[in-house]
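Remarks on the structure that follows.
In the working numbering, the protein residues as written are 4 to 172.
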């Protein structure tokens, strides 16, 4: 936790317009993680600095970020206001990512996994990169879907078969 605090202090000392925080709380216990995230959020708001927060932890993203871009195999597959994407995900990968997150207050249990493997990024398959792992894949997935409007508040999704899932995080 101390290293993260020092890095945050160093980053803000330069008075940047943008800070890129790539998994800044990895390997921290929950209490220290919360302290570091609160510090980052407070300093960013106080200084008017934008933070690009990179994380797989959707629970943290839901607490920290105003908007979210979900990426798979190097491409944005869903974006929007964080609350909309978290509670009304449209892309099957976003749904899977959220379902893989442990629930707060629920005893530890085996978490679900997204079946299959991530494609080789140097040899992506034709069409949707997620189609071989996707429960909703169909014939149209042989073509790359565009990132198009799929919900409220400018939510966008790159999927031929966007879902209507509702998730509580």
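All C-beta atoms, glycine included, are put in the ideal place defined by N, C-alpha and C.
Taking only three categories from DSSP, how would you classify residue i?
i, result
"residue 15", "helix"
"residue 89", "helix"
"residue 26", "coil"
"residue 150", "coil"
"residue 71", "strand"
"residue 113", "coil"
"residue 21", "strand"
"residue 121", "coil"
"residue 172", "Any answer about residue 172 is weak, because its pLDDT of 48 lies below 50 and its placement is not dependable; what the coordinates show is given next. Residue 172 falls in the coil class under three-state DSSP."
"residue 49", "helix"
Relative to the C-alpha of residue i, which candidate in the options has its C-alpha closest?
i, options, result
"residue 88", "101, 12, 163 and 122", "101"
"residue 120", "134, 112 and 130", "134"
"residue 80", "149, 167 and 9", "149"
"residue 49", "92, 25, 19 and 123", "19"
"residue 139", "167, 46, 155 and 55", "167"
"residue 62", "165, 74, 76 and 36", "36"
Assuming contact is defined by CB atoms lying nearer than 7 Å, are residue i and residue j in contact in what I supplied?
i, j, result
"residue 11", "residue 31", "no"
"residue 13", "residue 53", "no"
In or out: residue i buried (at least 16 other Cβ within 10 Å) or exposed?
i, result
"residue 152", "exposed"
"residue 103", "exposed"
"residue 82", "buried"
"residue 57", "exposed"
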